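Numbering (UniProt numbering), first residue to last: 1 to 484.
The block underneath contains the structure these notes are about, expressed in structure tokens.
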Amino acid sequence: MTPDRTAQLLAPLAQPGELVGGKYRVERVVAIGGMGVVLAARNEELGLPVAIKILRQDALSNHEAVTRFLREASTAKRLQGDHVARVFDVGTTESGVPFMVMEFLSGLDLQQVIETRGPLPIQDAVDYVLEALEAVAEAHAAGIVHRDIKPSNLFLAEDADGTRHIKVLDFGISKGQGLDSPAEPGLTSTKQVMGSPGYMSPEQMMAPKSVDGRADVWSFGVLLYTLVTGEPPFQGETVAAVMANILHQPVPRLRDKRSDAPATLERIVERCLERDVSARYANVGKLAQALEPLGSSFAKLSTSRIQSAIGAASPAGQTLLNSRGPEDSDRLSGASWTRTTSRRRSRRRLLVAAGLAVLAGVAGASVWLIASPRGAPSDASSAAAREATGAAAREATGAARLAPTASPAPPAPGEPASAAVGAAGLTSAVEPAAPAPSGSPSRAESTSRPRVMASGAPVRPDAAPRPQAPVRPASEADMLRSRH
């Protein structure tokens, strides 16, 4: 992007050298996405780096975007777990531009890790997912559904002492992708569906305002598959093709792609990817319990923390978490997945037809779309699509047994680019680490275990009703790390 274009998008936003919020000195632009900008800044009171997220100048006229930004910034500030990209401050500039101040991270997101090193070792993948589940459990306990779990939203942060741990990004800051655009990250259009299609659950496509925490369980299933095979299970040349495959194609066998994967892991993934919502794990705690035996010695700590978060859920969180589902974590075999898929195929074909009509940008559609400025469909086509949409939504609700959520139902968060921001969304500002050698890494070289000091000695948590993360900073000053 040219300097002139950058200046145009920032004006009248915070410019390098300006003071934001009375104490944050802007240093440079980290990245610009379709909706927002991430700035590197310094807290002048503490002398330490922070990241500032602001809306793009051309998004400020969108009242919904501004409202959502402030609401989600406030929501993110409530989540203070060790595996959440923390928000320290929220406010508006003197010119009325909303901003949020976040911790500055160094490292790589898991999409970058896969691209540079290939599929992850099984134990690494499980440990990282368990850490992400800690963050999502905290969100669910507060009544918040993430709705955009994917590798690029899981950041492998490295602290100054050499420890590495997962940070979950983008609680509610969403990105859209055009239905006819190539199914690749970083592409947008004027007609958009909110979310990351390859990781969205069927019910999120068909009735996004009715999803509960099990929509995230689905996404974790896709995430697990992707981390251990190097590619997502549902693919296609366009976003609409990906969505159609999610709705009616059986998931490829995990062990066909990764022969050394345990059969238990394959069954866990299959259970997460049940299209019948009630057949999935009832909540992220149940998923964590199923994964624990496949993780490292740290897996038990993560599971304990997840259960503690669930136990401390707010009333809204209890509603979100108390979804009913089968209790036997290994109840569903690969054969049962095939039978389930076959049994629902004819019904799903109807849903696909109606769903794709929905995704065409018709007013009143069940899937969130941003209307194209090029014009609305004709009255006749709109009426036909509305009829199909209504039937599809009713069928989807019955088939998936969607439970109402206590979540404020924010739009799904966005796709970050390799540094800090996706093409149309925002993430926590990050500094990429040095690229690692290609190829699947060994346990020793790949990704230093979270909660392990550089010396290799495990860090023991302090005894407390809720297990605490080892050696975690207690203040904003401790949280902010100098960039490499």
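Glycine residues also receive a C-beta, built at the ideal position from the N, C-alpha and C atoms.
Computed from a predicted structure; not experimentally measured.
So is Ala403 buried or exposed if we call it buried at 16+ other beta carbons inside 10 Å? Model confidence at Ala403 stands at a pLDDT of 37, short of 50, so the residue's coordinates are unreliable and nothing is read from them.
Buried versus exposed, by CB contacts within 10 Å (16 or more), Lys150
buried
Nearest-angstrom Cα distance between Val66 and Val101?
16 Å
- [ ] Quick one: residues in its chain with C-beta nearer than 7 Å to the C-beta of Gly91, no 5 flanking neighbours on either side, listed in chain order?
- [x] Gly21 and Phe99
Beta carbon of Val97 nearer than 8 Å to that of Leu39: no
* Asked: According to the Cβ coordinates, are Leu291 and Val129 closer than 8 Å?
  -> yes
Following the continuous alpha helix (DSSP H) through Pro202, name the residue where it begins and the one where it ends. Pro202 to Met206
Problem set entry | Continuous alpha helix (DSSP H) stretch holding Glu266: start and end | Ala263 to Cys272
| query | Grouping DSSP H, G and I as helix and E and B as strand, with all else coil, what is Phe155? | reply | strand
query = What separation, rounded to the nearest whole angstrom, lies between the Cα atoms of Glu103 and Asp109?
reply = 15 Å
Check your understanding: What's the gap between the Cα of Asp127 and the Cα of Ala299?
Key -> 6 Å
Worksheet entry | For Pro49: DSSP bridge partner residues | Arg42
- Message: Could you tell me the alpha carbon to alpha carbon distance between Val222 and Ala137, rounded to whole angstroms?
- Response: 18 Å
Less than 7 Å between C-beta atoms, sequence neighbours within five positions excluded: which residues of the same chain meet that for Glu45? Lys23
Next item on the list: Identify which residue in Gly36, Val251, Gly311 and Met205 has its Cα closest to the Cα of Ser61.
Entry: Gly36
When the Cβ atoms of the segment 263-281 are set against those of the segment 158-168, are three or more pairs found closer than 8 Å? no
To the nearest angstrom, report how far apart His146 and Pro49 are at their CA atoms. 27 Å
Inset, instruction - Using only alpha-carbon positions, find the residue among Ser314, Thr303 and Pro315 that is nearest to Glu131. - result: Thr303
- [ ] Could you check which residue in Lys53, Ala157, Ser95 and Leu224 has the C-alpha nearest to that of Gln123?
- [x] Leu224
What are the residues that DSSP puts in a beta bridge with Gly36?
Leu55
Check your understanding: If you compare alpha carbons, which of Glu270, Pro197 and Ile166 is closest to Ile246?
Key -> Pro197
CA-CA distance, Gln289 and Asp276?
-> 21 Å
field: Element boundaries [beta strand (DSSP E), containing Ser106]
entry: Leu105 to Asp109
Item to complete: Kindly indicate which residue of Met205, Ser259 and Glu270 has the alpha-carbon position closest to the one of Val242.
Response: Met205
* Which of helix, strand or coil DSSP assigns to Gly22 -> coil
Chain-order list of residues whose beta-carbon lies under 8 Å from that of Arg42 (same chain, five-residue window excluded) = Tyr24, Arg25, Glu27, Leu48, Pro49 and Val50
field: Whole-angstrom C-beta distance between Gly107 and Glu158, which should lie under 8 Å
entry: 5 Å
> Name the DSSP beta bridge partners of Thr75, please?
Replying inline: Thr75 is not bridged to any residue.
>> Going by C-alpha to C-alpha distance, which of Gln249, Asp216 and Phe69 sits closest to Val284?
In response: Asp216
Practice item. Find out if the Cβ-Cβ distance for the pair Leu273, Val239 is shorter than 8 Å. Key: no
Query raised in the report: When we look at the beta-carbon of Gln111 and count the other beta-carbons within 10 Å, is it buried (16 or more) or exposed?
Result: buried
* Cβ neighbour criterion (16 or more within 10 Å) applied to His63 -> exposed
ask   = Shortest alpha-carbon distance to Ser219 belongs to which of Phe155, Thr93, Tyr199 and Glu270?
value = Tyr199
Could you check whether Ser314 and Ala73 sit closer than 8 Å to each other, using their CB atoms as the reference points? no
Item checked: Cβ-based neighbour list, Arg255, same chain, cut-off 6 Å, excluding 5 preceding and 5 following -> Ala261 and Glu266
- Task: Take Ala244 as the anchor and find which of Pro232, Val84 and Pro202 has the nearest alpha-carbon.
- Result: Pro202
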